[in-house]
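As numbered in the numbering used here, the sequence shown has no gaps in its residue numbers, which increase by one up to the final residue, 994. No residue lacks a Cβ here, since even glycine has one placed at the ideal position from N, Cα and C. Here the structure is a predicted model, which is why all the values come from computation and not from measurement. This report refers to the structure that appears directly beneath it.
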Amino acid sequence: MIQLEIDSRQLKAEPGTTLGALFHEQYQEAFRLGVAARLNGRIVDFHTPIRDSGRLELIPVESADGLAVLRHSTSHLMASAVLKLFPEAKLAIGPAIDEGFYYDFQVGRPFQPEDLEQIEGWMHTIAEENHQFVRGELSREEALKRFEREGEIFKTELVQGIPDPTVSTYTHSFFTDLCRGPHVPRTKMLRHFKLLSVAGAYWRGDSSRPMLQRIYGTAFPTKDRLKEHLQRLEEAKLRDHRKIGAALDLYSVNEEVGGGLIFWHPHGAAMRSVIEDFWRAEHARRGYRLVYTPHIAQVDLWQRSGHTDHYREHMYFLEADEKEYVLRPMNCPFHVQIYKGHKHSYRELPIRIAELGTVYRLEKSGVLHGLARVRGFTQDDAHIFCTKDQVETELRGVVEFARFMLSTFGFHQYQVDLSVRDAKRKQDYLGSDEEWEVAETALENVAKASGLNYRRAEGEAVFYGPKIDVKLTDALGREWQCSTVQFDFNLPRRFDVTYVGADGHDHPVYMIHRALLGSLERFFATLIEHYAGDFPVWIAPVQVQLITIADAQIPYAQEIRTLLLEKGIRVEADIREEKMGAKIRDAELLKIPYMLVLGRKEVEERSVSVRSRKKGNEGSVPLDAFVEKLVAEVAARV
Ligand SMILES: [Zn+2]
Ligand SMILES: [Zn+2]
357 MIQLEIDSRQ
367 LKAEPGTTLG
377 ALFHEQYQEA
387 FRLGVAARLN
397 GRIVDFHTPI
407 RDSGRLELIP
417 VESADGLAVL
427 RHSTSHLMAS
437 AVLKLFPEAK
447 LAIGPAIDEG
457 FYYDFQVGRP
467 FQPEDLEQIE
477 GWMHTIAEEN
487 HQFVRGELSR
497 EEALKRFERE
507 GEIFKTELVQ
517 GIPDPTVSTY
527 THSFFTDLCR
537 GPHVPRTKML
547 RHFKLLSVAG
557 AYWRGDSSRP
567 MLQRIYGTAF
577 PTKDRLKEHL
587 QRLEEAKLRD
597 HRKIGAALDL
607 YSVNEEVGGG
617 LIFWHPHGAA
627 MRSVIEDFWR
637 AEHARRGYRL
647 VYTPHIAQVD
657 LWQRSGHTDH
667 YREHMYFLEA
677 DEKEYVLRPM
687 NCPFHVQIYK
697 GHKHSYRELP
707 IRIAELGTVY
717 RLEKSGVLHG
727 LARVRGFTQD
737 DAHIFCTKDQ
747 VETELRGVVE
757 FARFMLSTFG
767 FHQYQVDLSV
777 RDAKRKQDYL
787 GSDEEWEVAE
797 TALENVAKAS
807 GLNYRRAEGE
817 AVFYGPKIDV
827 KLTDALGREW
837 QCSTVQFDFN
847 LPRRFDVTYV
857 GADGHDHPVY
867 MIHRALLGSL
877 ERFFATLIEH
887 YAGDFPVWIA
897 PVQVQLITIA
907 DAQIPYAQEI
917 RTLLLEKGIR
927 VEADIREEKM
937 GAKIRDAELL
947 KIPYMLVLGR
957 KEVEERSVSV
967 RSRKKGNEGS
977 VPLDAFVEKL
987 VAEVAARV
């Protein structure tokens with residue numbers, strides 16, 4: 357007999373019994389409480405034979421684990437519906453993912469939107485039939501025989517990769533899938549789901565293997581939560597930076613030139629200038645020294661830095677003068693070169709070297725995505741060289757700086773991840789015990805003192821140093837990775853980076869990599885989606901649109917344009933022969949913060965008729981008063 361404790365009730369059971377059998381009487385009640393359970397840290401569902409004693413905790417469907425069970429079960433339901441319509445389809449895998457699930461199929465032709473509707477229809481039919489999910493166990497050989505017989509080539513390959521002597525299957529209705537589980541008890545629990553999209557996906561993500569059809573979907577425990585999620589997806593689609601980027605003429609990617617290489621158009625470039633000018637001024641104010649460094653370097657540098665060993669597949673190689681060069685994937689070795697230009701006394705430290713450094717990384721073409729995943733991008737990079745005693749002060753400065761930058765751009769919620777080493781595998785990390793302790797303690801102290809919400813991730817540090825990553829939360833509650841602060845115990849050793857201490861001897865420096873915005877390209881995507889293109893005045897690509905009612909006002913418009921340009925305001929004049937209404941509509945589509953309508957009366961009074969995007973029609977205002985107010989608003993970065 358085994359002993360199970362659940363909600364302080366003690367149950368005795370035969371080994372091999374299932375929760376389903378155990379809750380025989382109160383089956384319905386158990387469903388309400390949970391879709392599966394955790395036993396001694398392992399997730400078991402209502403079908404898993406239980407062989408050990410322990411404490412059972414029911415997993416509510418609303419929890420992250422519960423949602424994953426629900427969604428993965430829905431992926432089985434979808435696969436069965438696909439087989440109803442496409443009996444020849446071959447099945448690959450169907451996991452739960454962050455906000456839903458997918459399943460990969462090999463079929464004769466790509467799925468169409470109408471197919472998704474039909475598949476969804478069948479899913480509802482099968483779900484309503486209320487089949488039980490039945491768990492089965494097969495020996496590895498039986499499973500191989502079975503899937504081979506059925507021509508399920510992908511399943512066969514999966515079983516071949518499983519070392520265990522037995523594998524489990526889950527069956528509902530006519531459909532059986534190779535699966536570890538867990539699953540919900542019955543198909544009727546799957547009611548609130550939606551199929552979302554289809555995409556091509558290589559089997560095992562390998563471009564030399566067959567291209568499969570992946571159907572994405574999502575599922576929730578209630579109708580309302582599904583509806584809310586679908587609305588959020590719609591909203592995200594409207595905010596898609598690729599769409600807004602095109603509508604506002606901010607940037608483009610030209611496939612003829614190459615994927616993942618960004619053209620910043622005048623409107624996007626104007627915004628980038630604002631970001632860069634602000635960034636440079638704030639760095640100078642905080643004692644950073646700005647540098648420019650080359651975009652290429654001989655391969656020797658990258659051998660010494662270790663990049664050719666660890667990063668080769670992402671690097672672009674070129675040849676000149678029978679020498680091999682590399683298009684830089686990172687700025688760090690260059691800043692090290694500048695630091696090493698001469699010897700530094702401890703009195704000079706900390707030295708902070710910053711650069712808006714453009715780097716190139718060879719990303720797979722399949723993962724490129726607008727501004728968010730590119731092959732050429734500019735990091736707002738800096739490297740801090742300091743002594744052990746300065747580490748904590750420097751980190752505090754960086755975190756304060758990051759928050760200042762992000763909040764100025766309108767982000768006020770962050771998630772901080774502190775990645776430390778796995779204390780049980782110390783030998784796998786570079787650097788001394790002391791260095792790691794100093795760095796991790798300082799990072800944690802700073803994270804605590806900052807009042808930021810942080811997660812400590814044991815064993816998540818890379819081999820050369822611990823780090824803090826800051827993810828900001830946007831208007832839709834989505835997280836975007838931006839700031840990062842990372843110790844490096846590798847480069848200073850490889851490049852022999854030292855300072856002269858008070859004792860007259862050389863000592864290794866503490867080297868910190870940091871970026872606040874991350875990459876300008878991705879940060880720009882974040883800004884666009886956060887504001888849905890409706891930018892605050894200080895960053896808007898065009899701050900003022902002048903609208904003439906008739907040709908008689910063109911000289912006045914030109915005069916105002918010159919005046920505003922002199923004040924550093926980004927202004928454009930619409931002097932087309934269009935009706936005023938059409939001009940206003942066009943400016944509204946471009947989400948321009950201020951329109952100044954100029955008619956006969958305005959010319960006579962030297963005034964402007966102001967239409968503010970935020971406040972609506974503000975009526976006639978003296979020109980000088982408007983300019984003064986606008987300049988103050990831009991300077992305040994509100
Ligand atoms: Zn499954
Ligand atoms: Zn670096």
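Would you say Cys688 touches ligand 2, meaning its beta carbon is less than 7 angstroms from a heavy atom?
-> In the sequence shown, residue 688 corresponds to position 332, counting from 1. Result yes, Cβ under 7 angstroms from ligand 2.
Does the distance from the CB of Ser409 to the CB of Leu375 come in under 8 angstroms?
-> Along the sequence shown, read from residue 1 onward, the residue named residue 409 stands at position 53. Along the sequence shown, read from residue 1 onward, the residue named residue 375 stands at position 19. No. Outside cutoff.
Complete runs of the beta strand (DSSP E) confined to the stretch 642-705 [at least 3 residues] = 652-654, 672-676 and 679-683
Can Ala888 and Leu426 be called in contact, C-beta distance under 8 angstroms?
-> Position 532 of the sequence shown holds residue 888. Position 70 of the sequence shown holds residue 426. No, they are not a contact pair.
From Ile895, Asn973 and Ser963, residue whose alpha carbon lies closest to that of Glu989 | Residue numbering aside, residue 989 sits at position 633 when the sequence shown is read from its first letter. For the residues Ile895, Asn973 and Ser963, the minimum Cα distance to Glu989 belongs to Ile895.
Can you tell me the Cα-Cα spacing of Glu750 and Lys699, whole angstroms?
-> Here residue 750 refers to the residue found at position 394 when the sequence shown is read from its first residue. Here residue 699 refers to the residue found at position 343 when the sequence shown is read from its first residue. Rounded to the nearest angstrom, the two C-alpha atoms are 21 angstroms apart.
Does the beta carbon of Cys742 fall short of 7 angstroms from some heavy atom of ligand 1?
-> The residue you call residue 742 lines up with position 386 of the sequence shown. Every heavy atom of ligand 1 is 7 angstroms or more from the Cβ of Cys742, so no.
With distances taken from CA atoms, which of Arg641, Arg642 and Leu604 is nearest Ala625?
-> Taking the first residue of the sequence shown as position 1, residue 625 is located at position 269. Of the candidates Arg641, Arg642 and Leu604, the one whose C-alpha sits nearest the C-alpha of Ala625 is Leu604.
For Asp737, is the beta carbon positioned less than 7 angstroms from some heavy atom of ligand 2?
-> The residue given as residue 737 occupies position 381 in the sequence shown. Yes, since a heavy atom of ligand 2 falls inside the 7 angstroms radius drawn around the Cβ of Asp737.
How would you write the range of the alpha helix (DSSP H) that Ala557 sits in, first residue to last?
-> Within the sequence shown, residue 557 is the residue found at index 201, counting from 1. Element bounds for Ala557: not the alpha helix (DSSP H) but the beta strand (DSSP E), His548 to Tyr558.
Are the CB atoms of Ser529 and Glu493 nearer to each other than 8 angstroms?
-> Start at 1 with the first residue of the sequence shown, and residue 529 comes out as number 173. Start at 1 with the first residue of the sequence shown, and residue 493 comes out as number 137. Taking 8 angstroms as the Cβ cut-off, Ser529 and Glu493 do not qualify as a contacting pair.
Does the Cβ-Cβ distance between Asp737 and Ala871 come in under 8 angstroms?
-> Within the sequence shown, numbered from 1, the residue matching residue 737 stands at position 381. Within the sequence shown, numbered from 1, the residue matching residue 871 stands at position 515. Taking 8 angstroms as the Cβ cut-off, Asp737 and Ala871 qualify as a contacting pair.
Enumerate in chain order the residues of its own chain whose CB-to-CB distance from Glu591 is below 8 angstroms, with the five nearest sequence positions on each side excluded.
-> For the purposes of this step, residue 591 is taken as the residue at position 235 of the sequence shown. Hits under 8 angstroms: Leu832.
Span separating the alpha-carbon of Ser495 from that of Ala557 | Stepping through the sequence shown from its first residue, residue 495 is reached at position 139. Stepping through the sequence shown from its first residue, residue 557 is reached at position 201. Each residue's alpha carbon lies about 30 angstroms from the other.
Supposed contact pair Pro538 and Ala392 - C-beta distance, whole angstroms, cut 8 angstroms = By one-based count along the sequence shown, residue 392 stands at place 36. By one-based count along the sequence shown, residue 538 stands at place 182. Yes, Ala392 and Pro538 are in contact; Cβ-Cβ is about 4 angstroms, under 8 angstroms.
Alpha carbon to alpha carbon, what distance is there between Gly517 and Ile571?
-> The sequence position of residue 571 within the sequence shown is 215, counting from 1. The sequence position of residue 517 within the sequence shown is 161, counting from 1. Cα to Cα, Ile571 sits roughly 24 angstroms from Gly517.
Can you grab the Cα-Cα spacing for the pair Leu433 / Glu934, in whole Å?
-> Position 77 of the sequence shown, counted from the start, is the residue given in the question as residue 433. Position 578 of the sequence shown, counted from the start, is the residue given in the question as residue 934. About 57 angstroms.
Hey, quick one: how far does the alpha helix (DSSP H) through Asn801 stretch, first residue to last?
-> For this step, residue 801 is matched to residue 445 along the sequence shown. Counting along the chain, the alpha helix (DSSP H) containing Asn801 begins and ends at Asp789 to Ala805.
How long is the line joining the alpha carbons of Ala929 and Gln914, rounded to whole angstroms?
-> One-based indexing of the sequence shown puts residue 929 at position 573. One-based indexing of the sequence shown puts residue 914 at position 558. Rounded to whole angstroms, Ala929 to Gln914 spans 8 angstroms at the Cα level.
If you draw a straight line from the alpha carbon of Arg348 to that of Arg542, how long is it in whole angstroms?
-> The structure shown does not extend to residue 348, since the chain spans only 357 to 994, so no value can be given for it.
DSSP three-state call for Ile600: helix, strand or coil?
-> In the sequence shown, the residue the question calls residue 600 occupies position 244. Residue state, collapsed to three classes: helix.
In angstroms with no decimal places, state the Cα-to-Cα distance between Trp836 and Leu828.
-> Within the sequence shown, the letter at position 480 stands for residue 836. Within the sequence shown, the letter at position 472 stands for residue 828. Distance between the alpha carbons of Trp836 and Leu828: 5 angstroms.
DSSP state of Met951, grouped into three classes?
-> Residue 951 sits at position 595 when you count from the first residue of the sequence shown. Here Met951 sits in strand by DSSP.
Proximity winner among His548, Ser775 and Glu885, relative to Gly477 (alpha-carbon distances) = Position 121 of the sequence shown, counted from the first residue, corresponds to residue 477. Among His548, Ser775 and Glu885, the Cα nearest to that of Gly477 is on His548.
Would you check whether ligand 1 has a heavy atom nearer than 7 angstroms to the C-beta of Cys838?
-> Taking the sequence shown and counting its residues from 1, one reaches residue 838 at position 482. False, no ligand heavy atom lies under 7 angstroms from that Cβ.
Okay, do the stretch 739-755 and the stretch 775-783 touch, 3+ Cβ pairs below 8 angstroms being the bar?
-> no
Within this structure, are the beta carbons of Val802 and Arg752 separated by less than 8 angstroms?
-> On the sequence shown, residue 802 is found 446 positions in, with the first residue counted as 1. On the sequence shown, residue 752 is found 396 positions in, with the first residue counted as 1. In contact: Val802 and Arg752 (Cβ atoms closer than 8 angstroms).
With contact counted as at least three CB pairs below 8 angstroms, one residue from each stretch, are the stretch 706-720 and the stretch 640-653 in contact?
-> yes
What does Met567 pair with, by DSSP beta-bridge criteria?
-> Taking the first residue of the sequence shown as position 1, residue 567 is located at position 211. According to DSSP, which records beta bridges pairwise, Met567 is partnered with Tyr558.
Beta-bridge partners of His725, as assigned by DSSP | Against the sequence shown, residue 725 aligns to sequence position 369. Per DSSP, Arg729.
Give the straight-line distance between the Cα atoms of Leu727 and His623, rounded to the nearest whole angstrom.
-> To locate residue 727, count along the sequence shown from 1; it is residue 371. To locate residue 623, count along the sequence shown from 1; it is residue 267. Roughly 15 angstroms between the two C-alpha positions.
So what does DSSP say about Ile475, is it helix, strand or coil?
-> Here the question's residue 475 lines up with position 119 in the sequence shown. Of the three classes helix, strand and coil, the one that applies to Ile475 here is helix, per DSSP.
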